[in-house]
Structure formats: C-alpha cells, structure tokens
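If you read the protein sequences in the order shown, they are chains A and B. Going by the working numbering, the first sequence opens with residue 212, and the numbers climb by one from there. Going by the working numbering, the second sequence opens with residue 7, and the numbers climb by one from there. Ideal Cβ positions, reconstructed from N, Cα and C, are used throughout, including at glycine. Shown next, in structure tokens, is the structure this report addresses.
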Amino acid sequence: MGEQVVTLQIDTTIVTVPKGTTVYHAARQVGIEIPIFCYHDRMPPLGACRMCLVQVERQPKLQTACTLEATHGMVVHTATGEVSEAQQAILELLLINHPLDCPICDKGGECPLQDQTFKFGPGRSRFVEEKRDFAKPVSLGPVLVLDRERCILCWRCVRFGELVAGDDALKGFERGFHSEINTPFTLPVQSKFIGNTIGICPVGALTAKPYRFVARPWDNLAVSSVCTHCGLGCAVSFDVRNGAIMRTRPREQPAINDIWLCDVGFFGHAYVGHSDRLRRPLVRKEGGLVETTWDDALDRIASRLRNGSRVGVLGGARLTNEDAYVATRFFRGIGGTPHLDHRVDAPAGSPSAVLPWGMTTAISDIATADVIVLVGCDVTETYPVLWLRMKQAVDRGTRIIAVTPKALEVSRHIAHHLLHAYGEASAVVQALQSAAQGGLTDERGGVSATAITAAAATLAGAARPLVMVGRLALDAPDGWATVRELEELCRHRTVALNVLRGKGNAFGAALAGFRPDAGPGGQPIAVMGSQLERIWGAPVNTATGMGAAEIIESVANGKLDVLYVLGADPATDAANRGMWTEAAARVPFMVVHDAFLTETARNADVVLPVLVSPEKDGTVSNLEGRIQRIHAAVPGPGEARADWQILTALAQRFGSRLVYDGWEDIFAELAALVPGVSLEARVPARPFPALPTPQGSAASSREQGDSKSGDYPLIAFVGDVLFDQGTMTSRCPAIVDLSGVPRALIHPQDAEGRGIHDGDAVAVTSPRSTIMVRAQLSTDIQPGGIYLPRGFEGIPVAALFDGSMTLAPVRIVAMTEGASAEPRKDKGSR
Amino acid sequence: MAEFFLLKYIREPDQGELDAYTARGGYAGLQRALGLSPDDVTAEVDQSGLRGRGGAGFPTGRKWKFLPKDPAVTKYLVVNADEGEPGTFKDRTLMEGDPHRLIEGIIIGSYAIGAHLAFIYLRREFHGAREKLTHALAQAREAGWIGPNIKGSGFDLEIVMATGAGAYIAGEETALLESLEGHRAMPRLKPPFYPAVKGLYFQPTAVNNVETLHHVAWILARGHQWYREQGPPILYSISGHVQRPGVYELRLGTTIRQAIDSAGGLRPGRTFKACFPGGSSSALLPAAYLDTPLDYDLAKLDVYGSMLGSAALIVMDDTTDIVEVVARNVEFYRDESCGKCTPCREGTVWLSQVFDRLRSGRGRPEDLTLLAGISKDMTGTCFCPLGESVPPCLNASLRFFRDEYEQRISTATSQVGHVALAGRPGVA
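Next comes the structure, spelled out in structure tokens:
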C-alpha cells in the first residue's frame, strides 16, 4: 500500500491520499468543504449537479471534484473567483425554479440547498421570469410525497433504488426541464427502504407523510437508540419534541445498518404514543379487567407465586437485556422455576426450538463472502437491512444461491434462485450439496436438475461461503432434515451456520439466560449454579426446564399453576394455536407484562403496563449478538414501568433484596457473569447443548404431505411480511398503510379451473377451519402451494393449522359474488 | 484530378441490391480486409488520415487502436446512425442510397477491432433507411458477409439494428450506449466510461459514424494512398437560403462561399447574412468569414465555438431575423436537454424564457448582459457537449448582430421588417 498514494495540493494544503481518492474526498480529509448535491458518498459519483466545480491547474475547464481522481502533483483551487462564480451560477440556476417555500418546508433548517446557498450562493438572483408551477404535492405511495417544484433533480433517490436497495423504486421521467421523479408505471412506490430517499434528498422534494408539517428540525431533540422491530438492531435516532417522537432517523452504525433503515424502522414508532397504551395495572375482578394500584397488583401476584413453584415464564423479545436478566434472576432464584423461554413462536421440537438463534458471522462481514447460501429466508420481509448488506456484496461480485419456497422480491440480484415446493428445502439442499461434491442430481421439489447443478457449480467454487437459514426452512416439516444437510454443507467448508431467526431483542433474552437450559451467556445452567448462587445470594433452580411449547402444553394439561408472560403475545405467536387456546382456558393464574392489551393480556388475571424500548435506558442485543445502548427518548404513559423495575418491586414482597440503581448496575452484573459483555461488543448466541435432537420432531414433509388428498389438494404455508399488522405495527398508521390488503399467493395454474382471478376473495379451507383472504395470482410460488402472510388480524392463518404443523392441506374456493361486486383496490392505493 | 466517390452511386435505383452493389465493386474492400491482419486494416485506416465524421473529428484509426487487442475481451462496434444535429442529413442520404457500403464498413471495422457483435443505433424517424438497411442486412447475411466464418475467413460477426426513441442526446456516444442498453438516454461520466475502455455493457466499444464507415469501405477498397490523393473528400449538408440545398461531396477545405456556390448560390437578389458552418452547435459566422475554409481549422477561428462539426452548413440571407434564429436554437436545446446536469437543464429554459420576453416586446436593456451572463454560466460547466452547444451561437449573435437585439429591445420591432412582432416567423 505504501506507494499507492498520491500527494496533491488543495488550496494551500498539501494532502496525501490513497490512489483512487477523488478530489472531493481529499479536500474533505483536510477540512476543505466543497459543496455537493448529487454526490452521495454511499454511491458512485454522478457529476450531474455541477455544484462541486473546482479549478485544477493545467486544466482548461473547471472540474467536478466529486468525479475527479486526485493525481500526484495536482494543484486544486476551491475558492478562486472563477470557482466562486461557477458555484454562484449553479446555485442561481438551481434556484430559478425552486419555490423557496422554505418557511413551510419540512427540510427547512436541515436543507443542503439552503445551507449551500447561504454559504456559496449569490446574494440575489437575476431571474425575473415566471417560475415553473407544478401541482403539488404528488403522492407517490403510502408514506412518500413528492414536491416537484422543490426537486433539483440530483438523482440521489433514483440511484438509491438502483444501486443501494436494488428495488428501482423511483425513476426519472420526461427530459430536460420537464424531468421529474416518479415510480415505474406511476404505481404506488414499491420499496421497503423508501424512507432513506427522504433522508438523502438534499431539498424538501421528498417528504414523509407522517412527518409533513409536524416539526421544525431545530425544535427536535435527537435521542440515540436502537430499532427493536426485526432484531437486526439498526442504530436510530428518535427526534423528540414535547415528549413525543416526531420521527425516526438512521444513525450511522458501520457494523450494522451503515446509514440506512427500512421503512418499519423509519415509520414504526407511532405505537409508542398510541392512546391504546396501558397506563395502570389491571386485575381481574368479577370476570373483567379493572384498573388498580401497583401495590394491589403486585400483592396479588406475590400471593399466587408464593403458593408453589409450578410456574412457567414466557417472553423476551420486547425486553431489554437488563429486563431479561432480572427476569432470569427473579424466576430462577426467587421464583425457583426453571421453566422460562423466549422462543414463544418456535414449533415444539423444531430446529427453531433447539438451535441458537442469530448470526455467527458478523453482519459487516457479509460483504466478504463470495457465495451466500440463503435457505428459507425471505430476507427483505424479515431482516430488510440485511439485504442492503447482501446487495453490497452482490455489487462486489458475491453470488447468492437462494433456496426458498417463495420467490424473493430481490430475485433479479440472486444468481441462483432455487424456488422449491414448500417442505422440500432439505431435498434441494441435499442435491445442491451432493452436486457440489461432483454428484449428479435430478429434479427436486420442483427445481430443475439444471438449476441445481448450476448453483452447485457456484457453490463448489466458493472460497468464503456464508450459509444462512431462516424461518421458512427451520419451521418447515422437513426443518431438521434441512438443518442436517446444511450442517453437512457447512462442515465441508468449515463455516458456521447462521440462523436467521428471532425478532426484537430475542438475542438479548438468550444472552441473559432467559431460557430453560442455560444461564446467562448460554453456559449450561447446571455448571453455573454455584456461580449464580454466589452472586445472587440465594438458592437457584438449576434444573433444565421446559421450552415454550412444552410450557404451554403443561399449562393446558394442568401441570403448571402460574403462567407469567413478559413482553410476548403467545395467543398470536404461539406455534400451536390450539394448544394455547386450551392453556389460556385452563391456566389458574396468568400475569402479563405488556404495553397493550393484547389477546394474551385479555385473558390474564393481572396485566402490568410496561415501558417500550424508546422509553427505556439500557442495552439490547441484535441478530449477530452485538450489544448496543438504548436511551430513553420519551417518558412512558401513566404509571407504566420497566419490566425489571416491576420484578424488583415484586422481589421485595418475597423479602428478597433485588435492588438496582439503574440499568448500569444490572448490566455490570451481567458483564461480571458473561465474559465479553460490554457495550458495542458481540456476544453471539451459543448452542443449546442440553436439549437433544428431539425424537418427536414434527412429521417429515412426506408424512405431512400425505395428508394432501382429493378434498384438500393444495398445501398452505405461512411466511413473515415486513409490513404486517402486529401489536405495534398495527398502531403505526404509516405501517398499516404500507401493509395494505394482505394477499394469499396462488399459482395461476391452481387458480385456473377454480375460477379464481387476481384480486378475488377466496375461502381457504383446511380440515380444521376456513379463512377468507384476497388472492394474488403469482408465480412466486410453485404450483400446488398457497402462501399466506403472517401477522394480519384479518386472516388468522394459525386457525388452518393442526397442532404444531407448519403446513396445512387446504382447498380453495373463489367467493365470486363478493369479489367481483367489490371494486378492486390496489395494494396501498394512493 | 480527384474523383468523387462517396455519392457516386447514391442515385442508382438498384444500389441497395447486393448484386448491383457487388457489380460496382462493392465488398471488394472487405474482401481485401479479410486478407489482411486486423492490425493492418487499422493501419490502413490510420494512414489514410480519416477523421471521424460524426462531429468531433477524432482520427478513426487511433480510436480503434485504443481498444484492447486481447481476443478474450468482448468488444463491440456501434454505429452512431442517430443523425440528429440540426442541418445534418448526410448519413440518412448514405444509408438510403448506399446501404451495403455501411454494412461493408461495419464488417471491416469489426474485423479490425475484433468485435463479433456490431450494433446500428438508427434514429427512429429514419424509416426509409431502416427499410433499406433491413433489406441489405438480410442480403448480406444470405450471401455470407454476415454470420459465422465470413467467406471462410474464420471471422464471425452479427449485426443488430436498434432504433432510438427520439432523443437528440442519444447522438452523444455514451448516451447512445445507455439507450442501446435500454436505459434512459443520459450521457455517462468520462472517465471512467470512455467507450474504448468501458462502452456497451461496460465492454470496450468503438462508436463510429455512418459516413466514417463509408469512408472506411472505400479506403480498404482503394488503399490509403489513393484515398489521400482524393482530397480528402467530405460530405457537406448544405441547407437554408441556398437555391439547391442538399448533400454535397466536396474537398475538405472548401470555403463557405464556394460551398454556397456549389449549392446553387443564394436566392436572386438576396445577400448573405450569416451561417452555421457546422450545425446548430457551432457558432454563427457573419459575411466577414465567407472565405473561411470549411475544415478542422474552423475551431481555431477567433469566434468562440466555431467548428466544422458534422459539416452542416446552414445558410441565412438578409431576410433572416437573428434573434428568432437564436431563440429557436435555444428552444431546440431546451427541448432536447436530457435533464441530467443543472446548467443545461435550467440554463436553456431560462434563456428561452428571456427570448420569449424579448420577442414579445418586453425586452430590457440589461437583458443583453443577462443573456451573456447565462451563456457564460453554461460555458465549461455542463456535463456533456449538449449544454455547451448553446453558448457558441448565442455569443456570436451577441457579438455580430447585437444591433438586432438592441432594436428589438428599444423599438420592439425586428430589423428584418417582415418578421412580425411578438409573433412567429412567417407572419408578414
């Protein structure tokens, strides 16, 4: 690297930079500001706005600093009269048709056009003609609004879609001064990352519907925190005014989200201030839930907990690391129960209930893989920002082999997309692995031998593969077979399997020991017993407890007396909905900590109002185990408390000393127990060693597939969608708008002959139940399957499934009358 | 005595047929080229002194030498048949009149650079040329001049014809490549996207003009020495106020006066006022420059933006209102700006707004300074040559015909009496 540098002079400063550096970056390195609009340092230079013109000696014309590579001996002037005249010229030209409605523009106060006009612009304009007049604003989708008059056509938003997200969400239309930004076919914008375009817009042309005219930037207080929706842990900053979150913006975090966010990150904060938030504890009286005091609620809990040790504890994903740790200490120690688990939605005996969730590979290392094997993960729907990392890798030449039962929306960036029939992932992976070793393959799960062979050739040539498996594979009937094939594939290449599973702070719950088999840090609980007793100063139940599914089953069978649920909604999320219904009916006493009166909470005997993550101080862990600090941005509603505070108050009623001054105390205690725990450190998940591979693993795909019969000729399966309508997202109007009308994907082949057309309402009937859903004809799935989105109250997909099974034989019937009478509404209509 | 050849067979009704073309010596140049090494073909073109006829005048042989020789690297030859510069119509004439010559030139050029796929990017409106070329391509393919192992030479070539979507900017070679790839026609950043390095689909690409490839076919048929002895010849598109507008094959260096005379001279009783020597992108030249040779030295003239360009001579006599001419010219660039860079997109619309005001009798004395100012702001700041094409004409008009602007502003009338005020040309 030594000689790979060049030395140049910028104004009076000599600067040495690596070869390939642009003059713009060289100048920035020594603190010389060159104004820019179109250039954005996460995208290659474009050279369109001409704002960054500089004078270079021995060059006849001014040069754009953003595109000009610094060379040895180059002499650059950034502030000569000529440069200044050019800067003034460009700004004058940009402003001739700019409406200058800064006083009512959301961007005002943080607007590069304002700032650079102030610094580099002409004092006055020679423009006396009529300004361009566009109708405004133009709605480009559920959250995005375009003001064409303000747009300076820097092309950043268009290029973001082309280069960063890979979704081509926005495009340029018309030409010359008629040029404008719009969506392909002027349909509502299709993107999961559109909030970013609003952020990088250098003027107020793109604004967010939820933030329009809401606040002035100088009135906002930025509080740094972490998004806890999907579990990737993107760094955010909540802009707060008058105790409410005005908007969420990405905070630069090179290890995770760089400077980007997904739209759930951007617009998924409205639930925090929602009027449905629980403000006071509720207790069951004469059949109903009524408000009460904290003392009363806690006394009731204490009296029931005291009665015995037959307690099951569920929860985790909405807890901070500190909450989860205090819960572990409280229930293992004071409560004396080993039955605690955070994997509430893992089907009994499935790989999801056994494998450690999370990535062993660092997120920032994705770009270094040459081949990514992505099995059963709808990445943009589950961990959207992870896709941005993968896209970066693809741009550097990484090839992705995707094995999924539903086509990825980013499929055009996928080198080998092996779209298989649901429940056949293991067969495809097995063929892929054996073909990569030189074996021959045939058609598997609807994937042609040619496609598998081509993918195998790519895999065989991989030097640094990255193998990831997601919920669509883990929870499938052949989940274990897939995992074994993948483990084999990994063993051949000495890489570790990355398990893309878990939302929110599930990873922090695992770290804190909120699990039946291990203590904090994932060490076997039996080994940790004495250490825990020393630090906790009390006896600890070091038995290996039951997992979430078994806890629910035990409650249903009357084997547990108390069910304690912290930040989870098993009524919606439990894999075995039927079992939960039985458990909820039978449970003698149930306590729920939640921010909202969820379906689970409605059945509880005591409901305690808790803070949500933007209201909490502490730490959370992400998919790769990175521990990040969150700061309380806003106060909680009413008497809501942090979960750990509730548990310490409860501990007093047991005469126990469980006292912390704040999150720092708890974190320090956790750090003392678990080597490596510190802020910004990665403590990846550990395996769950105590649980053997269950023999009762769900039936193989063939067994379940056999239940397909003449009456139920199709196979329904369920996948996660980003814009769902869960407890939190359904209380964010922007997300509700983005989620639109949920659709079942049906292959055109299966629709044909059943008289089902795109957009029709259909009845999906399994041996258990019938649900109504709108159909979307799609070749994104193999014929014979029906894809149903998870997380919409309107389509209770779980009702179709038997027990823990994750596919259901179904039949579909078009509800023709209702469907055709109703005007068809486009998804996310404008 | 030098002979004229470029237009020699252009009026023969059967020139577009393979047999007639071959009978008149067609494909002899290609036959000869296939017997030479690619490097020798390039050397032949290089030694002929041929300069690109698209407008920039870059030596064709040198352009081909920029492409990597490595046969493992996929290379393309792209014909810029998107002739759109106002006043230029020579390429259309050649394609309609002598289509096989272009095909012959393409095959020779592709052989020289080692391309096995060539594209003709044809202007959408050239329906006649498309018909002729489609026919000629089919004949050539049938005869084995296109396809695998051309005439047993071991050289393979496919030629694909694509049409543009109606954008002038697509004549700019990198915008052409964007359009050919199916994208919005917007020029690419140079560097790194010099076509010879990263052209079509980011592969090394030679982009050549139609007339250039016609020259190439002749050079290979007759040899570079013969070619040099011919002048060299060049096609001038002569239009405007001359008696017989059309395409003329003249020797490079013909003066403006001689060129006008070749085209039948001015209309009776009229005097010369101004001309564009090289299409609408070149500067306006007044009568004082009538004896200036129309050659590459035009660029050295003391008039900013004077150039030979595509050798499109647009002649204007004393009935011409220069303010109207410049206004129309500005409107053209306003409408054809791709919208990528600020000075071109905003500058052209601002200029045309000022002209609209001048023409409607609402000019102000300071507008002359303003026009010059906007022109200066667009000079040297635009992304590509399109925006830079506006100042030459405007500056020259302000320099040589300032009085016409002044009269417009002070009296709200045109110096050329019969051009109506506030109105459009043609209203007497």
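Counting only Cβ pairs nearer than 8 Å, list the residues of chain A close to LEU195 of chain B.
Here residue 195 of chain B refers to the residue found at position 189 when the second sequence is read from its first residue. Under the 8 Å cutoff, chain A gives PRO256, LEU257, GLY258 and THR278.
Helix or strand or just coil, what does DSSP make of GLN648 of chain A?
Taking the first residue of the first sequence as 1, we reach residue 648 of chain A at position 437. Reduced to three states, the DSSP call for GLN648 of chain A is coil.
Check each residue of the region 306-321 of chain B: if its Cβ is closer than 8 Å to any Cβ of chain A, include it; give the result in chain order.
Listed by position along the chain: nothing, the set is empty.
Among A:VAL975, A:ARG985, A:THR976 and A:VAL952, whose alpha-carbon lies nearest the alpha-carbon of HIS968 of chain A?
By one-based count along the first sequence, residue 968 of chain A stands at place 757. Of the candidates A:VAL975, A:ARG985, A:THR976 and A:VAL952, the one whose C-alpha sits nearest the C-alpha of HIS968 of chain A is A:ARG985.
Is any beta-carbon of chain B found at less than 8 Å from that of ARG261 of chain A?
Residue numbering aside, residue 261 of chain A sits at position 50 when the first sequence is read from its first letter. So, interface residue.
Using the Cα positions of VAL253 of chain B and ARG98 of chain B, report the straight-line distance between them to the nearest angstrom.
As a working mapping, residue 253 of chain B is identified with position 247 in the second sequence. As a working mapping, residue 98 of chain B is identified with position 92 in the second sequence. Distance between the alpha carbons of VAL253 of chain B and ARG98 of chain B: 10 Å.
Could you check the C-alpha separation between ASP581 of chain A and PHE934 of chain A for me, to the nearest Å?
As a working mapping, residue 581 of chain A is identified with position 370 in the first sequence. As a working mapping, residue 934 of chain A is identified with position 723 in the first sequence. Rounded to the nearest angstrom, the two C-alpha atoms are 31 Å apart.
Would SER390 of chain A count as contacting chain B if we go by Cβ distances under 8 Å?
To locate residue 390 of chain A, count along the first sequence from 1; it is residue 179. At least one chain B Cβ lies under 8 Å of SER390 of chain A.
Which residue wins for smallest C-alpha separation from ARG488 of chain A, given the options A:GLY836, A:ARG852, A:TYR871 and A:VAL870?
Here residue 488 of chain A is taken as the residue at index 277 of the first sequence, counted from 1. Considering only alpha carbons, the answer is A:ARG852.
I'd like to know whether the C-beta of ARG340 of chain B is nearer than 8 Å to at least one C-beta of chain A.
Here the question's residue 340 of chain B lines up with position 334 in the second sequence. Output row for ARG340 of chain B: interface = yes.
Where does the unbroken alpha helix (DSSP H) through PRO398 of chain B begin, and where does it stop?
For the purposes of this step, residue 398 of chain B is taken as the residue at position 392 of the second sequence. Unbroken alpha helix (DSSP H) run through PRO398 of chain B: 396-406.
Which residues in chain A sit within 9 Å of GLY386 of chain B, going by Cβ to Cβ distance?
The sequence position of residue 386 of chain B within the second sequence is 380, counting from 1. In chain order: LEU264, PRO271, LYS272, LEU273 and ALA297.
Spell out a yes or no on whether the region 694-701 of chain A and the region 641-661 of chain A are touching, meaning 3 or more CB-CB pairs, one atom from each, closer than 8 Å.
Contact between the region 694-701 of chain A and the region 641-661 of chain A is present, because at least three Cβ pairs lie under 8 Å.
Along chain A, in chain order, which residues have C-beta atoms closer than 8 Å to that of GLN359 of chain B?
One-based indexing of the second sequence puts residue 359 of chain B at position 353. Simply GLU340 and GLU341.
Buried or exposed: TYR302 of chain B, going by 16 or more other Cβ atoms within 10 Å of its Cβ?
Here the question's residue 302 of chain B lines up with position 296 in the second sequence. The residue is exposed, with fewer than 16 neighbouring Cβ atoms inside 10 Å.
Starting from the beta carbon of LEU357 of chain A, find every residue of chain B whose beta carbon is closer than 9 Å, and list them in chain order.
Taking the first residue of the first sequence as position 1, residue 357 of chain A is located at position 146. By Cβ distance, chain B contributes nothing, its closest Cβ being about 16 Å from LEU357 of chain A, past 9 Å.
Starting from the beta carbon of PRO349 of chain B, find every residue of chain A whose beta carbon is closer than 8 Å, and list them in chain order.
As a working mapping, residue 349 of chain B is identified with position 343 in the second sequence. Result: ARG261, ALA300, ILE301 and LEU304.
From the DSSP output, in three-state form, read off ALA26 of chain B for me.
For the purposes of this step, residue 26 of chain B is identified with residue 20 of the second sequence, where counting begins at 1. Helix.
On a Cα-Cα basis, can you pick out the residue from B:GLY386, B:PRO391, B:LYS382 and B:GLY393 that is closest to LEU404 of chain B?
Residue 404 of chain B sits at position 398 when you count from the first residue of the second sequence. Measuring from the Cα of LEU404 of chain B, the nearest candidate turns out to be B:LYS382.
Do you know offhand how far ALA419 of chain A's Cα is from LEU355 of chain A's?
For the purposes of this step, residue 419 of chain A is identified with residue 208 of the first sequence, where counting begins at 1. For the purposes of this step, residue 355 of chain A is identified with residue 144 of the first sequence, where counting begins at 1. C-alpha separation (whole angstroms): 5 Å.
Using only the alpha-carbon positions, how far apart do GLU178 of chain B and ARG335 of chain A sit?
Counting from one through the second sequence, the residue named residue 178 of chain B turns up at place 172. Counting from one through the first sequence, the residue named residue 335 of chain A turns up at place 124. About 35 Å.
Specify, as a first and last residue, the run of the beta strand (DSSP E) that ILE221 of chain A falls within.
For the purposes of this step, residue 221 of chain A is identified with residue 10 of the first sequence, where counting begins at 1. 216-221 is the span of the beta strand (DSSP E), which, as asked, contains ILE221 of chain A.
Whole angstroms is fine: what's the gap from SER268 of chain B's alpha carbon to THR261 of chain B's?
Locating residue 268 of chain B in the second sequence gives position 262, counting from the first residue. Locating residue 261 of chain B in the second sequence gives position 255, counting from the first residue. SER268 of chain B and THR261 of chain B: Cα-Cα distance of roughly 10 Å.
Checking contacts by CB at 8 Å: is GLU5 of chain B closer than that to chain A?
Outside the displayed span of chain B (7 to 434) sits residue 5 of chain B, for which this structure offers no information.
Are VAL803 of chain A and VAL776 of chain A touching if we call contact CB-CB under 8 Å?
Residue mapping note: residue 803 of chain A aligns to position 592 of the first sequence, counting from 1. Residue mapping note: residue 776 of chain A aligns to position 565 of the first sequence, counting from 1. Yes, these two residues count as a Cβ contact at 8 Å.
Among A:PHE478, A:VAL375, A:LEU304 and A:THR291, which has the Cα closest to the Cα of HIS251 of chain A?
Position 40 of the first sequence, counted from the start, is the residue given in the question as residue 251 of chain A. Among A:PHE478, A:VAL375, A:LEU304 and A:THR291, the Cα nearest to that of HIS251 of chain A belongs to A:VAL375.
Using a beta-carbon distance cut-off of less than 7 Å, what residues from the region 187-212 of chain B approach chain A?
Hits within the stretch, in order: ARG190 and LEU195.
Taking 8 Å as the cut-off, decide whether the C-beta atoms of ALA557 of chain A and ALA759 of chain A are in contact.
Within the first sequence, the letter at position 346 stands for residue 557 of chain A. Within the first sequence, the letter at position 548 stands for residue 759 of chain A. In contact: ALA557 of chain A and ALA759 of chain A (Cβ atoms closer than 8 Å).
From VAL870 of chain A to THR859 of chain A, what distance separates their C-alpha atoms?
Locating residue 870 of chain A in the first sequence gives position 659, where the first residue counts as 1. Locating residue 859 of chain A in the first sequence gives position 648, where the first residue counts as 1. So the two alpha carbons sit approximately 6 Å from each other.
Please list, in chain order, the chain A residues whose beta carbon lies closer than 8 Å to that of LEU376 of chain B.
Within the second sequence, the letter at position 370 stands for residue 376 of chain B. What LEU376 of chain B touches in chain A: ARG337.
Roughly how many angstroms separate the alpha carbons of ARG253 of chain A and GLN603 of chain A, rounded to a whole number?
Here the question's residue 253 of chain A lines up with position 42 in the first sequence. Here the question's residue 603 of chain A lines up with position 392 in the first sequence. Each residue's Cα considered, the two are about 10 Å apart.
Out of A:GLY887, A:SER941 and A:LEU417, state which residue places its alpha-carbon closest to the alpha-carbon of THR408 of chain A.
In the first sequence, residue 408 of chain A corresponds to position 197, counting from 1. Among A:GLY887, A:SER941 and A:LEU417, the Cα nearest to that of THR408 of chain A is on A:LEU417.
Please return the same chain residues whose Cβ sits closer than 7 Å to the Cβ of ALA723 of chain A, not counting the five positions on each side in sequence.
Taking the first sequence and counting its residues from 1, one reaches residue 723 of chain A at position 512. Around ALA723 of chain A: ASN532, ALA535, TYR536, THR539, PRO731 and LEU881.
Quick check: the Cα distance between LEU241 of chain B and GLY90 of chain B, rounded to an integer number of angstroms?
Position 235 of the second sequence, counted from the start, is the residue given in the question as residue 241 of chain B. Position 84 of the second sequence, counted from the start, is the residue given in the question as residue 90 of chain B. Going from the Cα of LEU241 of chain B to the Cα of GLY90 of chain B covers about 16 Å.
So LEU472 of chain A and GLY406 of chain A are supposed to be a Cβ contact under 8 Å. How far apart are they, rounded?
Here residue 472 of chain A corresponds to residue number 261 of the first sequence, with the count starting at 1. Here residue 406 of chain A corresponds to residue number 195 of the first sequence, with the count starting at 1. About 6 Å separates the two Cβ atoms, so the contact holds.
Closer than 7 Å by beta-carbon distance: list the chain B residues that pair up with ASN814 of chain A, in chain order.
As a working note, residue 814 of chain A is residue 603 in the first sequence. Those within 7 Å of ASN814 of chain A in chain B number zero; the least Cβ separation is about 57 Å.
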